[in-house]
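What follows is a short report on a single structure.
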Ligand SMILES: Cc1cc2nc3c(=O)[nH]c(=O)nc-3n(C[C@H](O)[C@H](O)[C@H](O)COP(=O)(O)OP(=O)(O)OC[C@H]3O[C@@H](n4cnc5c(N)ncnc54)[C@H](O)[C@@H]3O)c2cc1C
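Numbering (the numbering used here), first residue to last: 1117 to 1578.
Right under this line is the structure:
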């Protein structure tokens, strides 16, 4: 029998890699995990966590304004970007330490280096040039922002990576993209007092979300003063004589700003990873192709997380890693369940969503009932804020199964998490109807919409 150096070699110390490495090592397997940058990966170092901290920061201005209607006088608020960045950095360093500690405590060997595959069982550690062998390799290298290299002047632009650590807060920013990262950063920058423009080639932002959420958020963002240009793209970016950037658009606009941020999708980190040498098959974007158990076409190599381009979310990467451990080391073949995943857009207002949008549901089911409420939340009555909340329940008219719930409004992400449990359990609209309301809350609207707002038959509203 062949002797390997390790039972498992994990490439990538992000959400998926750390979880798999820690669990397998905790079971007594001999595990090494290589990370080329910082343990914790995108989520902890330059994704979900620092982003949410910036989201919190960006909400205070409105909260100070809102407090006036409740009798407070706050005076003029000032904001110091370097303080926020330094505090954010301290927190992610703390979390990074916890990730490392978790691995060490479980007995995994930490390797601070890039690692590349040489064959189905051999990995080269780039920092030392050492080659090691493993019975199995788990690829969890994640993805990185698409640099849009075809755009003239792309080298003058930043991505979300740099946005977290800018030396100074720009006075004006233009962000390209219509996905959740672009939308969230537009809200963050605007909330921190930056003149913000969002430019997106599609007809409406957030293409994968329910149309009421997309339109409602678009409206709310414009009301706040965020400029949104849909149906437009960048033609080129250049530096003007005064040192500022000028973003030229396909419609002939010239947008002067201090930073241009590209949020145009993320590419799998597979370039130069040695996949060809190991014989691992990839898809058109360079994503690693896997079966229902996250196994590649090479028996000894598995892949989880963003690099497989299934659903690019932290809990999904973690779940896939746990399924990998169950399948390979616990003799419990488990394929990741990608159905009914609750998710959020941390914009202002937030979107919280679980299940199918109305459009997606109408493509799959013949008859729908749509329950929809749009209202001014109670808190806004005294604050005077014009913002509206939207709640929408998509129901299969045939069996009353709830197919999707979508919320636009304060704390929508928190609500989506709880709704995710109910929908995962397969609840029906009747379950919603017999649930007692929590009063007074905004979410009570979800259990008090007794009559459909409208019905959809064969894709048509009736
Ligand atoms: C700005 C932003 C905001 C986000 N917000 C959210 C959110 O709110 N909620 C949510 O669920 N998800 C969010 N995400 C997505 C989330 O961060 C990812 O889905 C998640 O991190 C994927 O985990 P992963 O393990 O697949 O990869 P990653 O976490 O990206 O980890 C991969 C690791 O591999 C390392 N690596 C790459 N190549 C090599 C190599 N050859 N050798 C060694 N190491 C290597 C990288 O340095 C990295 O640390 C956000 C992402 C971004 C960019």
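Every residue, glycine too, gets a C-beta built ideally from N, C-alpha and C.
If you measure between the beta carbons of residue i and residue j, is that distance less than 8 Å?
i            : j            : result
residue 1257 : residue 1247 : no
residue 1488 : residue 1508 : yes
residue 1573 : residue 1475 : no
residue 1339 : residue 1513 : no
residue 1419 : residue 1434 : no
residue 1506 : residue 1337 : no
residue 1347 : residue 1327 : no
residue 1151 : residue 1416 : no
residue 1396 : residue 1413 : yes
residue 1140 : residue 1441 : yes
residue 1208 : residue 1274 : no
residue 1477 : residue 1518 : no
residue 1365 : residue 1409 : no
residue 1578 : residue 1571 : yes
residue 1566 : residue 1549 : yes
residue 1297 : residue 1379 : yes
residue 1402 : residue 1130 : no
residue 1237 : residue 1120 : yes
residue 1294 : residue 1323 : yes
For residue i and residue j, which I take to be in contact (beta-carbon distance under 8 Å), what is that distance rounded to the nearest angstrom?
i            : j            : result
residue 1261 : residue 1382 : 6 Å
residue 1170 : residue 1304 : 5 Å
residue 1390 : residue 1232 : 4 Å
residue 1191 : residue 1500 : Going by Cβ atoms, the distance from residue 1191 to residue 1500 rounds to 19 Å, so no, they are not a contact pair.
residue 1325 : residue 1486 : So it is not a contact: roughly 15 Å between Cβ atoms.
residue 1375 : residue 1286 : 4 Å
residue 1471 : residue 1520 : 3 Å
residue 1349 : residue 1315 : 7 Å
residue 1226 : residue 1219 : 6 Å
Roughly how many whole angstroms lie between the Cα atoms of residue i and residue j?
i            : j            : result
residue 1540 : residue 1367 : 45 Å
residue 1448 : residue 1362 : 56 Å
residue 1165 : residue 1216 : 17 Å
residue 1452 : residue 1142 : 21 Å
residue 1554 : residue 1137 : 42 Å
residue 1424 : residue 1388 : 16 Å
residue 1357 : residue 1373 : 13 Å
residue 1522 : residue 1195 : 33 Å
residue 1560 : residue 1458 : 19 Å
residue 1341 : residue 1306 : 8 Å
residue 1461 : residue 1428 : 13 Å
residue 1249 : residue 1167 : 37 Å
residue 1431 : residue 1454 : 11 Å
residue 1542 : residue 1495 : 32 Å
residue 1283 : residue 1302 : 18 Å
residue 1311 : residue 1234 : 49 Å
residue 1450 : residue 1498 : 51 Å
residue 1189 : residue 1516 : 49 Å
residue 1132 : residue 1187 : 48 Å
Go to residue i, then tell me how far its beta strand (DSSP E) extends in each direction, as first and last residue.
i            : result
residue 1354 : 1350-1355
residue 1512 : 1505-1512
residue 1469 : 1467-1471
residue 1523 : 1518-1524
residue 1502 : Element bounds for residue 1502: n/a, residue is neither H nor E.
residue 1417 : 1417-1419
The alpha helix (DSSP H) that contains residue i, what's its start and end?
i            : result
residue 1159 : 1157-1162
residue 1445 : 1430-1445
residue 1131 : 1131-1142
residue 1495 : 1494-1499
residue 1573 : Per DSSP, residue 1573 belongs to no alpha helix (DSSP H); it is in the beta strand (DSSP E), 1570-1573.
residue 1099 : A query on residue 1099 cannot be resolved here, the shown segment of the chain reaching from 1117 to 1578 and no further.
residue 1486 : Premise fails: residue 1486 lies in the beta strand (DSSP E), 1483-1491, not in any alpha helix (DSSP H).
residue 1125 : No alpha helix (DSSP H) holds residue 1125; the beta strand (DSSP E) holding it covers 1122-1127.
Exercise for review: Output the residue ranges of the beta strand (DSSP E) runs that lie fully inside the segment 1288-1324 and measure 3 residues or longer, sorted by chain position.
Suggested key: Fully enclosed beta strand (DSSP E) runs of 3 or longer: 1288-1292, 1311-1316.
**Study point:** Those runs of the beta strand (DSSP E) which lie wholly inside the segment 1333-1391 and span at least 3 residues
**Key:** 1343-1346, 1350-1355, 1361-1365, 1370-1373, 1375-1378, 1382-1384
Practice item. Enumerate, from N- to C-terminal direction, the unbroken alpha helix (DSSP H) stretches of 4 or more residues contained entirely within the segment 1204-1280. Key: Entirely contained in the segment 1204-1280, the alpha helix (DSSP H) runs reaching 4 residues are, in chain order, 1276-1279.
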